[in-house]
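Here is the structure we will look at, set down as structure tokens.
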Amino acid sequence: MHSTPLAARLEPAAAADRNQLLNARRERAVPRGVASATQVFIDCARNAEVWDVTHRRFIDFASGIAVLNTGHCHPTILAAVERQLQRFTHAAFQVTAYEPYIALAERLNAIAPVRGPAKTILFSTGAEAVENAVKITRAATGRDALIAFNGAFHGRTLLALALTGKTAPYKHGFGRLGGEVYRAQFPIEHHGISVDASLASIRQIFLSDVPPERVAAIIIEPVQGEGGFHPAPTALLQGLRELCDTHGIALIADEVQTGFARTGRMFALEHSGVQADLLVTAKSLAGGLPLSAVTGNAALMDAPAPGGLGGTYAGSPLACAAALAVLDVIEHESLIERAKLLGDKARSRLASFATRTDLAPIGHIRGLGSMIGFDLLAGRGTDEVRQGGAAAVVQRAHRLGLLLLSCGGRGEGIRLLFPLTAPESIVDEGLDLLERALQAD
Ligand code: PMP
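For what it's worth, our numbering labels the leading residue of the sequence shown as 9, then goes sequentially.
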């Protein structure tokens, strides 16, 4: 399917400069603070292909930042949303509850790697779910303080931003952030930080900054997303579980980016066998409709008093219908298996790129399943990363017709996030474009 599925709607004559015209309007109408990775305005999309307003086709290795594990416009998901559209679009769960919310909570409770029995509450965005997970742990423990990792990303609202472990560009100019947050070291081998050093950094926080009996929660991404697709080693997750149990601290797993088959398991935490107290999900949960969830141990989840949690749009019925269909699609199309298959394919292509002298030097190929990252290196045979090296490759990929995202604290990383429903031929085509984008300057 190479021609745009909605070609008839477009007017080819004016197509050529349409992106430019829209960019000019955007600059006048929208503040620069919300930056876009590309200059492209999307017109329509199907599965792993996107067409812009000039009819140009792109392969999508970004999935709307990990939202489209089930691809663009999956027919099963569209049909479920359309059915819900005909019934009602909004009610506010706090006014009149509705069955799709309950059905989704039941399904998440059954599959989330949390210490059961579990309960689930729904919200709209990842940041909102992160903040509510914190509220729940504070209510349950009667404590305030929080521990998060460097390189972490937990969102852009003031408390979520305080948990996020990267200053530029996220924190610049935004003044004092919410909450009492302490920063632990995230273990990355080639940064010289071991699991032992990471756990020691938490014990040091207990010694020098806050006693453990004042800490409500430790929050961690089982694979750091924006921070560079670095998996948290199993030994770290086990160590955190132990520390949390010793001191009565809640362990929050932020699976906003890792969830729903992306890593070759339904949730990335399952790779370690560790269970969280609370699991935060969003992004691919509802295949493109805004929905997030906190799933956690029922005793903790019931700590806030009635009325203490909620939100006007939280758990939108349209998004619930979509999410139920997403879970069906993951099962019926064996997307967990597909994440492994497509991930292995991409990993072996990247390994071959790493040996090529005609391509920009790359290394540190990492990740789980189809959540794969790698770094641009400063030179061949060195472990040193090329700071800011990802931007040129990403831009070249966009020019070649591949939507690609960078990651990592030093602009050194590139992440692959193709839909798990992508046909193998499309993934191959995207990897061919990536190979061309890596061709030396
Ligand atoms: N947590 C993680 C791990 C994320 O990757 C993100 C978004 N990139 C968020 C939280 C915040 O989600 P949202 O943008 O929906 O608020």
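All C-beta atoms, glycine included, are put in the ideal place defined by N, C-alpha and C.
{"Item": "Burial state of Q447, where buried means 16 or more other Cβ atoms lie within 10 Å", "Value": "exposed"}
{"Item": "Distance between L207 and G200 (C-alpha atoms, nearest Å)", "Value": "14 angstroms"}
{"Item": "Whether D383 touches G421 by CB criterion (9 angstroms)", "Value": "yes"}
{"Item": "Run of the alpha helix (DSSP H) containing G438, from where it starts to where it stops", "Value": "E432 to A445"}
{"Item": "E57, DSSP secondary structure in three states", "Value": "strand"}
{"Item": "Euclidean distance between Cα positions of V223 and P177", "Value": "28 angstroms"}
{"Item": "Heavy atom of ligand 1 within 8 angstroms of S300 beta-carbon", "Value": "yes"}
{"Item": "Three-state secondary structure (DSSP) of K174", "Value": "coil"}
{"Item": "H255 - containing beta strand (DSSP E), residue span", "Value": "No beta strand (DSSP E) holds H255; the alpha helix (DSSP H) holding it covers T242 to H255."}
{"Item": "Contact check, F302 vs A137, beta carbons under 9 angstroms", "Value": "Inspection of the sequence shows that residue 302 is occupied by Val rather than by Phe. Yes, they are a contact pair."}
{"Item": "Range of the contiguous alpha helix (DSSP H) that encloses V89", "Value": "P83 to R95"}
{"Item": "Ranges of the alpha helix (DSSP H) found wholly within the region 397-429, counting only runs of at least 4", "Value": "398-408"}
{"Item": "Beta-carbon spacing of A225, T145 below 9 angstroms", "Value": "yes"}
{"Item": "Integer Cβ distance of I344 from L358, believed to fall under 8 angstroms", "Value": "About 21 angstroms; that fails the 8 angstroms criterion."}
{"Item": "Any non-hydrogen atom of ligand 1 closer than 8 angstroms to F161 Cβ", "Value": "yes"}
{"Item": "Segment limits, beta strand (DSSP E) that includes T303", "Value": "S300 to N305"}
{"Item": "Alpha carbon of F361 to alpha carbon of V89, nearest angstrom", "Value": "41 angstroms"}
{"Item": "P108, DSSP secondary structure in three states", "Value": "helix"}
{"Item": "L130 versus L367: straight-line alpha-carbon distance, rounded", "Value": "45 angstroms"}
{"Item": "Cβ pair I210, L248 closer than 9 angstroms", "Value": "yes"}
{"Item": "Residues near T266 in its chain [Cβ-Cβ closer than 6 angstroms; skip 5 each side]", "Value": "P230, V231 and A276"}
{"Item": "Beta-carbon gap between A294 and L428 smaller than 9 angstroms", "Value": "no"}
{"Item": "Minimum C-alpha distance to F101 - residue among K348, A37, A405 and Y321", "Value": "Y321"}
{"Item": "Whole-number beta carbon distance between H162 and D262, since they are thought to touch under 8 angstroms", "Value": "6 angstroms"}
{"Item": "Cβ neighbour criterion (16 or more within 10 Å) applied to T365", "Value": "exposed"}
{"Item": "Nearest neighbour of E107, chosen from L332, L425, S414 and V203 [CA to CA]", "Value": "L332"}
{"Item": "Within 9 angstroms, strictly: CB atoms of P121 and Q246", "Value": "no"}
{"Item": "6 angstroms CB neighbourhood of A243 in its chain, flanking five on each side removed", "Value": "V203"}
{"Item": "Contact check, G409 vs R54, beta carbons under 9 angstroms", "Value": "no"}
{"Item": "The alpha helix (DSSP H) enclosing G72, as first and last residue numbers", "Value": "S71 to A74"}
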